[in-house]
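Enquirer:
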Amino acid sequence: KMRSKETVLDETLRSYAATVRWGDMEQAMAFLDPGRRAEKPPTALELARYRQVRVSGYEELGVQPVGEDEVRQSVRIELVNVNTQRARSIVDHQVWKYDEAARRWWLTSGLPDISHPQ
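Numbering (my numbering), first residue to last: 18 to 135.
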């Protein structure tokens with residue numbers, strides 16, 4: 018059964034949100050556009066930073082269509098440092114593009130940058 022592009026987007030965003038909420042950033046890399054993942058994979062330092070925090074909140078701030086095959090979504094992610102127990106939040110500005118051949122949405126903006134509070 019053929020699913021609509023919007024249905025696939027909703028499922029993708031929900032699945033990505035659940036993956037990030039569980040703090041599984043290595044699994045979240047599966048959502049990255051394959052070209053971006055090959056060009057600019059997360060560094061060992063970035064992956065180590067992800068292991069130092071726990072996600073305590075993930076609030077979607079809205080999805081905006083940019084074109085037929087692109088949407089932008091902003092998300093507030095609440096983080097707690099596992100070593101210091103200090104809480105902070107970041108806003109992740111995501112860009113998702115639809116791949117007609119693969120019939121799926123890819124995250125082209127990269128994983129959340131947690132190196133600086135916002």
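The beta-carbon is built from N, C-alpha and C at its ideal position, and this holds for glycine as well.
This structure is a prediction, so every number in the text was calculated from the model and none was measured.
1) Can you tell which of Arg120, Ala119, Trp113 and Ile107 has the C-alpha that lies nearest to the C-alpha of Leu30?
2) Check the C-beta distance from His110 over to Arg89 and give it rounded, since I have them as a contact under 8 Å.
3) Around the C-beta of Pro129, are 16 or more other C-beta atoms found within 10 angstroms, so that it is buried, or is it exposed?
4) Alpha carbon to alpha carbon, how far is Gly79 from Met47? Give it in angstroms, no decimals.
5) Tell me the DSSP secondary structure of Asp109 in three-state form.
6) List the DSSP bridge partners of Pro82.
7) So, with DSSP's three-state summary, where would you put Val99?
8) Spatial neighbours of Arg54 within its chain, please: C-beta separation below 7 Å, excluding the five flanking residues on both sides.
Expert: Reading off the structure:
1) Shortest Cα-Cα distance from Leu30 to any of Arg120, Ala119, Trp113 and Ile107 involves Trp113.
2) For His110 against Arg89, the beta-carbon gap comes to about 7 Å, under 8 Å, which counts as contact.
3) With 16 or more other Cβ atoms within 10 Å, it is buried.
4) The sequence given here has Ala at residue 47, not Met. C-alpha separation (whole angstroms): 22 Å.
5) Here Asp109 sits in strand by DSSP.
6) Val88
7) When DSSP states are grouped into helix, strand and coil, Val99 belongs to the coil group.
8) Met46
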